[in-house]
Amino acid sequence: MVSPSDHMANERTFLAWIRTGVALIGFGFVIAKFALFLQILKGVKGTGESVTFGEVMIVLGAVVIMYGLLIYYLTEKDLDNGTYKSRHVINSVFAMLVLIIAVTLALLVI
Numbered sequence: 001m002v003s004p005s006d007h008m009a010n011e012r013t014f015l016a017w018i019r020t021g022v023a024l025i026g027f028g029f030v031i032a033k034f035a036l037f038l039q040i041l042k043g044v045k046g047t048g049e050s051v052t053f054g055e056v057m058i059v060l061g062a063v064v065i066m067y068g069l070l071i072y073y074l075t076e077k078d079l080d081n082g083t084y085k086s087r088h089v090i091n092s093v094f095a096m097l098v099l100i101i102a103v104t105l106a107l108l109v110i
């Protein structure tokens, strides 16, 4: 039998996905705005890459929020049906996708 605490735990996990996505979006804005600030302040050229990295972080944050929403709904459906199953495959694929994006961005900075 599913208890209310199961649903509350699912909501807490969803809120953690939201916090992570918002942090990535905020960090993306900081990267993009700081690059523009340097360009205005010092006349530094070539900050277009930093703006692009910031934009990628913003999009990644939005993707994280959408992924969290998907997992939240799938888990709620499973809890309501009493058929909860692990999502280790989709979570692993998502983690690898984020890791690939992070490594690619890191290599482009060098």
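Be aware that the sequence shown starts at 1, since it is given in full-length UniProt numbering, and climbs by one per residue.
Glycine included, each C-beta is placed from N, C-alpha and C at the ideal position.
In this structure, DSSP gives Val-2 a state outside helix and strand, which the three-state scheme calls coil.
A Cβ-Cβ contact shorter than 9 Å links Ile-18 with Ile-65. Around the Cβ of Leu-99, a 10 Å sphere holds fewer than 16 other Cβ atoms; the residue is exposed. By the criterion of a C-beta distance shorter than 8 Å, Lys-33 is surrounded in its chain by Gly-54, once the five residues flanking it on both sides are discounted.
Here the alpha carbons of Ile-40 and Leu-60 stand approximately 27 Å from one another.
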